[in-house]
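K.L.:
Here it is, the structure, as structure tokens.
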Amino acid sequence: LMLSLYLYISMSFWTIVYLVVCALPATVCLLLPVSKSRTAFRHLILWYGTLIVRIAVWPWIRVTYDSTAPSDESDEGIYVFNHRSASDPFLIALLGLPMLQLVNGWPMRLPLFGFFARRCGYINTTKNNYEESRAKIAAALAAQVPIASFPEGTRSGSRNLNQFRSGIFKIAMELRAPIHPCCIVGNEYIPDRRFRFQTGRIRVRRMPVITAEEAAAFDNAYLLKQHVKTLIQAEITKLEEP
């Protein structure tokens, strides 16, 4: 309980610092054309996520990032993450990319995150139907904006990898978009479902891309999602080995 209290105080303090520092840049961003404004806000929220996971919770929660993907691999495409905890949307900032996230409806209603999420152009998957989501993803990819998705749909709250939904994989196949599998381990209780924290080490890993040509070799989105899930599960097992 004391650790959770301390971390919430620390995160609140650094959030206030962030808001003070970013007040002027955010105001300027509001005056930009929509596309440029969204790009700028995605960079702002990327910096906020980095601040939280690198500074606000250190040293009680230590976070490391690595990549097994080739160094010259393109950053364009759709990034697929497993989803254990509410900290996942912050942890993907470690990839250093101003991503457009696919989110459920409730984060869009939060006082602070919701404001930035709307300004970033995040896609509300509970509000938009398949065609609307596909159109927005297509527009983002055409503008070379990377997409972040959590195909489990909701956080597992454990080490289990829940069933993947097929939607994002169907869109990837239709748009001929590369897929970047990624995995996050160690944060299943950081925080838990009651938003309580414990100390721990979190690891985030980017894996080699599945090219559009490789994805097209699968007969349907179901087979593609099962393949991606198997890859992520295998990488999670490696990372969690003693």
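29 is the number of the first residue of the sequence shown in my numbering; add one for each residue after it.
Just so you know, even glycine gets a beta-carbon here, dropped at the ideal spot from N, CA and C.
Could you compute how far the alpha carbon of leucine 31 sits from the alpha carbon of tryptophan 86?
P.N.:
What you label residue 31 is simply residue 3 of the sequence shown in a count that begins at 1. What you label residue 86 is simply residue 58 of the sequence shown in a count that begins at 1. The alpha-carbon atoms of leucine 31 and tryptophan 86 are separated by roughly 12 Å.
K.L.:
Quick check: does the Cβ of phenylalanine 144 come within less than 7 Å of any heavy atom belonging to the ligand GDP?
P.N.:
This structure does not include the ligand GDP; it has no bound ligands of any sort.
K.L.:
Spell out a yes or no on whether the stretch 197-210 and the stretch 99-113 are touching, meaning 3 or more CB-CB pairs, one atom from each, closer than 8 Å.
P.N.:
In short, these stretches touch, since the Cβ pair count reaches three.
K.L.:
Looking at C-alpha atoms only, which residue of Ser194, Ile230 and Pro219 is the closest neighbour of histidine 255?
P.N.:
Counted from its first residue, the sequence shown places residue 255 at position 227. It is Ser194 whose Cα lies nearest to the Cα of histidine 255.
K.L.:
Taking Cβ to Cβ, would you say threonine 119 is nearer than 8 Å to isoleucine 230?
P.N.:
Residue mapping note: residue 119 aligns to position 91 of the sequence shown, counting from 1. Residue mapping note: residue 230 aligns to position 202 of the sequence shown, counting from 1. In the sequence as presented, threonine is not what sits at residue 119; that position holds leucine. Result yes, Cβ atoms of leucine 119 and isoleucine 230 sit closer than 8 Å.
K.L.:
How big is the Cα-Cα spacing for serine 177 and isoleucine 196?
P.N.:
Taking the first residue of the sequence shown as position 1, residue 177 is located at position 149. Taking the first residue of the sequence shown as position 1, residue 196 is located at position 168. Taking the straight line joining both Cα atoms gives about 8 Å.
K.L.:
Just checking, does the stretch 35-52 make contact with the stretch 232-248 on the three C-beta pairs under 8 Å criterion?
P.N.:
Touching, no, given that fewer than three Cβ pairs across the two stretches are closer than 8 Å.
K.L.:
Hey, could you find the ends of the alpha helix (DSSP H) arginine 147 is sitting in?
P.N.:
Start at 1 with the first residue of the sequence shown, and residue 147 comes out as number 119. From DSSP, the alpha helix (DSSP H) with arginine 147 extends over 141-148.
K.L.:
Count the C-beta pairs between the stretch 81-101 and the stretch 162-175 that are closer than 8 Å, then say yes if the count reaches three, no if not.
P.N.:
With the cut-off at 8 Å, the stretch 81-101 and the stretch 162-175 do not touch.
K.L.:
Can you grab the Cα-Cα spacing for the pair arginine 82 / arginine 90, in whole Å?
P.N.:
Numbered from 1 along the sequence shown, position 54 holds the residue referred to as residue 82. Numbered from 1 along the sequence shown, position 62 holds the residue referred to as residue 90. Answer to the nearest angstrom: the Cα atoms are 8 Å apart.
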